[in-house]
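Reviewing the structure listed below.
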Ligand code: ATP
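Numbering (the numbering used here), first residue to last: -3 to 231.
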């Protein structure tokens, strides 16, 4: 479904991603792991045209999408729910969600997208008129994921979806990921919560200093020394 070859991301002199290869197959849950600053967010952002990819090739559903604008990715079915929630606090829940559907022309399609998100997150339906800034952290996270789902993605990239949430809500976030997979969404998830991520993922990649330090099935990674090393300051 997604194939990434020799991807590099540079911010001026900072070389955040130094030539990585990865593959995502339809229906998989992929964990992207690694210590702070390893280059995970830069990778996800570059995959949807939001960070500067200085080299490499990205193929999505057989099409070369390298260097495409973010709108193109959304219309092809690949969407990012970014780190830090980034919801618009002074817009209502409904308005925030609508922003995720900007590439949809058909009103009926937008309504179906709303219904789907509200069915997944009934609390957002209840609070749809409320300013997003008045939601709890967990609800804002749901809103960020909901907004990404509005474009009806086939591949959803989630950057730290459980960051800063209470343990019970974290469990709900992981449950949601498995529900989405059952609904036919393929997922790539950046997570600090390594053990929970490897519980739900099929495979994973471990990044260290902008490179892939290890990859394999979730079971292989659980027992990998490289995984531990990547978190013990190998960065
Ligand atoms: P974290 O979990 O802390 O977000 P990460 O693995 O996602 O870490 P990135 O956020 O991709 O890592 O950061 C990789 C490197 O790129 C870091 O050294 C970071 O300081 C740098 N970096 C990230 N974004 C920018 C930017 N917009 N401008 C300059 N440097 C950046």
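Ideal Cβ positions, reconstructed from N, Cα and C, are used throughout, including at glycine.
Only a predicted model underlies this, so the values are computations on that prediction, with no experimental measurement involved.
CB of residue i within 8 Å of CB of residue j, strictly
i: residue 3; j: residue 42; result: yes
i: residue 77; j: residue 140; result: yes
i: residue 74; j: residue 149; result: yes
i: residue 22; j: residue 199; result: no
i: residue 40; j: residue 187; result: no
For residue i, three-class secondary structure by DSSP
i: residue 217; result: helix
i: residue 158; result: coil
i: residue 44; result: coil
i: residue 127; result: strand
i: residue 61; result: coil
i: residue 1; result: strand
i: residue 108; result: helix
i: residue 174; result: helix
i: residue 181; result: coil
i: residue 94; result: helix
i: residue 74; result: strand
i: residue 223; result: helix
i: residue 53; result: strand
i: residue 35; result: coil
i: residue 146; result: coil
Residues that DSSP places opposite residue i in a beta bridge
i: residue 7; result: 10
i: residue 199; result: 26 and 213
i: residue 207; result: 204
i: residue 117; result: Residue 117 pairs with nothing; no bridge assigned.
i: residue 87; result: BP columns for residue 87 are empty, so no partner.
i: residue 17; result: The partner list for residue 17 (beta bridge, DSSP) is empty, contrary to what the question assumes.
i: residue 186; result: 28 and 155
Residue i versus residue j: straight-line alpha-carbon distance, rounded
i: residue 167; j: residue 195; result: 12 Å
i: residue 222; j: residue 209; result: 7 Å
i: residue 165; j: residue 27; result: 19 Å
i: residue 107; j: residue 172; result: 21 Å
i: residue 65; j: residue 44; result: 8 Å
i: residue 159; j: residue 176; result: 19 Å
i: residue 133; j: residue 155; result: 15 Å
i: residue 121; j: residue 60; result: 38 Å
i: residue 170; j: residue 202; result: 19 Å
i: residue 184; j: residue 153; result: 5 Å
i: residue 191; j: residue 218; result: 8 Å
i: residue 239; j: residue 136; result: The requested residue 239 does not occur in the structure, where the chain is confined to residues -3 to 231.
i: residue 205; j: residue 7; result: 14 Å
i: residue 98; j: residue 225; result: 42 Å
i: residue 48; j: residue 54; result: 13 Å
Quick check: the stretch 33 to 41 against the stretch 52 to 69, are there 3 or more CB pairs under 8 Å?
Too few Cβ pairs lie closer than 8 Å, so no.
I'd like to know if the stretch 119 to 131 and the stretch 76 to 88 are in contact, where contact means that at least 3 CB-CB pairs between them fall below 8 Å.
Per the Cβ contact rule, the stretch 119 to 131 is in contact with the stretch 76 to 88 (3 or more Cβ pairs under 8 Å).
Closer than 8 Å is the cut-off here; do at least three beta carbon pairs connect the stretch 180 to 194 with the stretch 95 to 106?
Here the stretch 180 to 194 does not lie against the stretch 95 to 106, with fewer than 3 beta-carbon pairs under 8 Å apart.
For the stretch 138 to 145 against the stretch 104 to 118, are there 3 or more C-beta pairs whose distance is under 8 Å?
Short answer: they touch.
Give a yes or no on contact between the stretch 5 to 19 and the stretch 202 to 217, applying the rule of three or more CB pairs nearer than 8 Å.
As far as the Cβ criterion goes, the stretch 5 to 19 touches the stretch 202 to 217, which means the pair count is three or higher.
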